[in-house]
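Quick note, the sequences are listed as chains R and L, same order.
If you read the first sequence in this note's numbering, its first letter stands for residue 126, the second for the next number, and so on.
If you read the second sequence in this note's numbering, its first letter stands for residue 41, the second for the next number, and so on.
Heads up, the beta-carbon is just placed ideally off N, CA and C, and yes, glycines get one too.
Working notes, beginning with the structure itself.
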Amino acid sequence: MSNNYFNTLALREQLEQLGQCRFMHLDEFDDGVAALKGKKLVVIGCGAQGLNQGLNLRDSGLDVSYTLRDAAIAEQRQSWKNATENGFTVGTYDELIPSADVVLNLTPDKQHTSVVNAVMPLMKKGACLAYSHGFNIVEEGMKIRDDITVIMVAPKCPGSEVRAEYVRGFGVPTLIAVHADNDPQGDGLALAKAYAVGTGGHKAGVLMSSFVAEVKSDLMGEQTILCGMLQTGSLLCFDKMVAEGIDPGYASKLIQFGWETVTEALKYGGVTNMMDRLSNPAKLKAFDLAEELKVIMRPLYNKHQDDIMTGTFSQTMMADWANDDQELLGWRADTAETAFEKTPAGDVEISEQEYFDNGILMVAMVKAGVELAFETMTAAGIIADSAYYESLHETPLIANTIARKKLFEMNSTISDTAEYGCYLYNHACVPLLADFMTRINTDVIGAGLDLEDHGVDNVRLIEVNEAIRSHPVEAIGAELRGYMSDMKKIV
Amino acid sequence: MSDSPLVQLSDLTVDFDGRFTCREVNWAIESDQHWLICGANGSGKSAMAAIIAGFGHVESGAMDIVPERVGLVSFEAQAELIEAERRKDDADILDVISEGTPVSEIIAATCVDPELADRLTFEFGLDGLLDRAFRKLSTGESRKVMLIRALTSDPQLLVLDEPFAGLDSRSSAALGRHLVDVAETVPIVIVLNRVDQRPDFITHVGLVVDGRLSEQIEVTDTAALGEVMQLVHLQASDLDVPPPDPDSKLPDLVPGEPLVRLTSAAIRYGETVIFEDLNWTISPGEHWQVSGPNGSGKTALLSLITGDHPQCYVNDLVVFGFQRGSGESIWQIKQFIGYVSTALQWEYTVGISLRNVIISGFYDSIGLYNKYTDRQREIAHEWLAVLGMQDRADQRFGEQSYGDQRLLLIARAMVKHPPLLILDEPCLGLDEVNRQKVLALVEIICGGSETTVLYVSHDTADRIRGMDHNLMLGDSLRSA
């Protein structure tokens with residue numbers, strides 16, 4: 126059935142597409158939404174991305190309507206309610222697709238093949254098909270009719286954030302791409318830029334990339350540091366604390382809100398700032414733990430990246446699709462039964478600083494995961510800008526979902542593709558860290574260092590600070606956050 | 041220290057010749073207290089002070105004033121003495137030109153401490169004027185005489201209404217020094233519009249609003265004191281609305297066209313109808329008050345106008361010349377609107393400075409994402425000065441009190457001088473002082489700009505001056 130597009134490319138072409146990534150300047154968006162003005166935009170799917178992108182595009186003065194599968198309309202499913210209650214025209218594929226100038230496919234990855242096969246024959250000649258994720262094109266090798274322009278506009282945030290930031294007058298960082306095989310009129314880039322403006326993305330920064338680079342980096346990030354590492358870290362840290370006699374309510378709260386708190390520091394000032402929030406002795410401890418974790422986990426990160434590059438990952442997942450998601454649903458049920466998920470956060474006060482002081486191991490896990498994901502991606506030919514967005518940049522966004530309703534919320538917010546990859550990682554990583562965890566005590570998770578003397582060796586501290594600050598993710602991070610803050614809050 | 045208060049007013053209502061009434065005053069002054077009474081012009085703060093000097097007609101309630109000798113200095117008392125002098129002149133039957141009573145006699149008439157009288161006369165620079173007729177003195181000079189009379193009559197309680205008004209700086213300083221000594225033994229009540237100029241010995245502050253003593257606080261309660269100082273500042277009559285930014289002018293609207301026109305408007309959620317068949321036109325200069333019970337759709341109606349409600353695209357709605365859903369962007373609409381609501385305050389969770397919160401009003405953004413001009417920065421500072429927050433430009437928005445956040449958001453809404461200002465329950469959740477602050481600011485805005493105001497309240501009794509049109513939402517609008 127599927128024919129992996131990436132694997133059909135010559136190495137030269139693979140490298141070229143993987144290496145595409147450029148931070149665009151605000152003045153490249155001076156035309157605004159003009160390229161889409163007066164055109165009929167028809168969105169397929171009305172979930173979180175579909176609805177919120179549509180609301181933004183309409184508020185930007187564009188003509189937006191929704192098309193859903195016949196059953197969704199007949200049964201007035203949630204997607205139908207989402208669209209109609211927001212005052213959008215809703216119609217069947219037959220009713221809306223033939224007149225559409227741009228068809229925005231915002232359904233889950235799993236449905237892409239059937240959706241695209243259904244709409245493609247209905248699309249008018251010379252129309253545009255837009256995606257927000259390139260899985261269908263790159264991993265499944267979907268061939269789109271030659272006269273159709275194929276673009277991607279991928280906001281790097283959950284749908285609710287896409288809307289919330291637009292309403293504030295800002296936007297979320299967005300990745301755009303034109304599928305080189307499908308740009309018959311040469312206007313793909315103009316359409317993608319106008320689409321990004323319509324969702325507000327241009328204000329927060331746009332990366333021009335390729336379908337290939339987006340897919341290969343997006344999959345890697347979400348499986349490892351973003352979701353996998355946070356899930357594994359949550360489960361291991363919780364069980365450890367409870368085994369060592371820490372109050373389960375406290376342990377549950379420290380983890381549920383700890384990821385959000387420590388990665389907030391990451392968002393503002395990278396790994397450097399996150400580490401700087403620790404006391405000097407704690408920082409040295411976290412650094413050593415992270416170094417140890419990186420050695421243990423590096424083969425796993427490499428394996429994930431390799432499986433993504435070769436298409437092994439997508440094949441495995443598509444086999445599960447064909448098997449009615451048996452693995453995915455089983456793993457989801459297992460996660461719900463873990464002690465961490467089942468123990469509510471206790472009614473204890475934990476100050477912002479305490480999350481750092483008592484969560485040294487969590488900080489170490491974030492540092493190790495971010496750096497490993499970044500190193501692995503760039504070693505595989507993905508440009509540093511892209512690797513930064515798919516690792517460090519998104520970590521706080523995912524951590525926020527855990528703060529809301531633990532792993533359940535994280536796994537329901539992310540795509541099924543990300544969730545599947547997250548479980549894969551978790552199943553490999555938990556046993557991998559078993560031995561490491563036996564050497565862990567509450568001084569680095571749960572209780573904080575118990576020191577009479579907070580002194581550290583100057584030479585050692587300088588070495589460690591230098592190592593943290595000179596990591597390549599810090600250099601590109603500082604540059605990209607600089608662009609962001611040029612445009613964002615001038616505080 | 042005595043067991044019972046020197047002055048005890050209980051549920052006291054006092055009428056002043058039908059011109060003014062102080063109502064339901066509950067106030068106790070202990071012998072070791074010194075009070076500052078403040079309030080807006082016309083609030084009745086002078087009347088409040090005059091009550092304890094025995095003026096006005098008690099309509100109801102109880103009043104117990106222990107001191108027999110109350111020294112009073114006020115413009116009214118000063119005018120009365122001058123008038124008495126003039127009548128004496130008129131009554132003179134001798135066909136000679138009367139010189140009137142000399143200053144020395146006026147002072148001596150009530151003086152029990154000649155030595156002090158001499159010293160004050162010297163310090164006030166009146167020593168050359170002792171032989172001058174009292175009624176020939178300038179206002180400032182006669183005020184000094186009043187002060188000397190009050191201070192030298194061995195008062196058991198001093199009531200001083202704006203005692204520093206009209207005094208030169210040398211006399212002011214002398215009076216200030218002397219009051220510090222007097223305060224050691226005599227309780228003092230001072231009426232003053234500038235709370236920040238209160239003498240150090242003041243122990244309590246009373247705020248008068250509409251003839252009522254609405255707040256009584258101890259000066260050691262610095263948080264409450266700050267609130268009152270800010271309110272008094274906002275109620276001062278000399279505040280102007282800062283000008284718009286000449287470089288970010290809004291597009292011109294067609295003269296005479298309505299700002300908003302809704303035709304048969306409706307909002308429905310599934311089967312539930314919030315309202316329907318609503319026709320409403322807002323013309324420039326028509327200030328509207330929208331009322332109705334909770335759930336009647338007030339906020340939903342406003343959000344149709346602001347474009348925040350998605351059903352604005354399925355209603356027949358023209359705003360600022362744009363038929364909604366004809367290809368306009370939401371920012372083209374929002375540029376004409378200033379908007380304040382509790383919901384906005386909840387959403388405004390951006391950690392930026394007060395200056396930038398106000399500047400964000402130029403860009404209709406929550407948070408600030410644009411480079412701003414020096415002129416916009418200056419205008420923001422002018423607004424902060426109006427709010428009495430000029431020293432806080434670099435503080436974070438989230439660290440401000442709830443009431444101050446509301447004031448800042450009103451200033452943010454007004455900074456671009458929008459044709460339409462929408463205030464959705466601007467006083468909701470505020471205590472009395474902060475409610476007064478918001479109302480004072482809104483009155484400054486209504487009086488000082490061309491903006492049309494839309495004021496929404498669930499309480500029909502909660503009105504703002506100048507609201508000349510009413511829209512009542514409720515069951516009557518919901519047809520079956």
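Apart from sequence neighbours up to five positions away, the residues of its chain that approach F56/L with a beta-carbon distance below 6 Å are A87, G96, ordered along the chain. Its Cα nearest to that of P203/L, the residue E181/L stands out among E439/L, E181/L, F376/L. Between F363/R and F465/R, the CB-CB gap stays under 7 Å. The stretch 471-483 of chain L makes contact with the stretch 439-449 of chain L; the number of CB pairs closer than 8 Å reaches 3 or more.
Residue nearest to N128/R within the set K365/R, L557/R, T437/R, A509/R is T437/R (criterion: CA-CA distance). Within chain R, no residue has its CB atom less than 8 Å from the CB of P282/L, the nearest being about 21 Å off. A distance below 7 Å separates the beta carbons of A411/R and L403/R.
What G367/L touches in chain R, judged by beta-carbon distance under 9 Å, is K162, G163, G186, L187, D188, going in chain order.
For the pair of segments examined, the stretch 440-455 of chain R was found not to touch the stretch 530-538 of chain R: the number of CB pairs separated by less than 8 Å stays below three. Residue pairing for R301/L: DSSP places it in a beta bridge opposite T321/L, V358/L.
Around the Cβ of T232/R, a 10 Å sphere holds 16 or more other Cβ atoms; the residue is buried.
Residue state for I377/L is assigned as strand, using DSSP reduced to three classes. Here V189/R has L166, G179, L182, R183 as same chain residues with Cβ atoms under 6 Å from its own Cβ, once five neighbours each way along the sequence are excluded. Interface annotation for the stretch 205-230 of chain R against chain L: E210, N211, G212, criterion Cβ-Cβ distance under 7 Å. E462/R carries a coil assignment under DSSP once its states are collapsed to helix, strand and coil. Under a 10 Å Cβ-count criterion, E145/L is classified as exposed, with fewer than 16 other Cβ atoms of the shown protein chains found around its own Cβ. The Cβ of D434/L sits no closer than 7 Å to any Cβ of chain R. Take T192/L, set aside five residues on each side of it, and the residues of its chain with a beta-carbon closer than 6 Å to its own are C151, D153, L156, A157, in chain order.
Taking a Cβ-Cβ threshold of 9 Å, the residues of chain R close to Q351/L are E210, N211, G212, in chain order. Two segments are said to touch when three or more pairs of C-beta atoms, one from each, lie closer than 8 Å; by this definition the stretch 238-250 of chain R does not touch the stretch 278-295 of chain R. Taking C-beta separations shorter than 7 Å and ignoring five residues to either side along the sequence, the partners of C282/R in its chain run V297, L522, following chain order. Residues of chain L with a Cβ closer than 8 Å to the Cβ of R270/R do not exist, since the nearest Cβ in that chain sits about 29 Å away.
Excluding its 5 nearest sequence neighbours in each direction, L391/R has C-beta neighbours in its own chain below 8 Å: N398, M399, V491, V495, L517, T520, P521, listed in chain order.
By the Cβ test, the stretch 72-82 of chain L is not in contact with the stretch 101-112 of chain L, since fewer than three Cβ pairs between them sit closer than 8 Å.
Scanning the stretch 156-191 of chain L for uninterrupted alpha helix (DSSP H) segments of 4 residues or longer gives 179-191, listed from N- to C-terminal end. When the alpha-carbon of A524/R is set against those of E347/R, S476/R, A559/R, the nearest one is in E347/R. M248/R: not part of any beta strand (DSSP E); DSSP gives it neither H nor E. When rounded, the separation of the alpha-carbon atoms in S595/R and G602/R is 11 Å. The beta carbon of V354/L falls within 7 Å of a beta carbon belonging to chain R, placing the residue at that interface. The beta carbon of G294/R falls within 7 Å of a beta carbon belonging to chain L, placing the residue at that interface.
Interface with chain L (7 Å Cβ-Cβ cutoff): K328/R is included. Non-local beta-carbon contacts of G383/R in its own chain, meaning distances under 7 Å to residues more than five positions away in sequence, involve Y480, G484, M487 in chain order. In its chain, beyond the 5 residues on either side, L449, I450, A453, L463, P466 have a beta carbon closer than 6 Å to the beta carbon of V380/L. Around G266/R, the same chain offers S127, N128, N129, Y130, T133 as residues with beta carbons nearer than 8 Å, after the five sequence neighbours per side are excluded. Judged by DSSP in its simplified three-state form, V278/R adopts strand. Taking L360/R as reference, the option from V331/R, I527/R, K408/R with the minimal CA-CA separation is I527/R.
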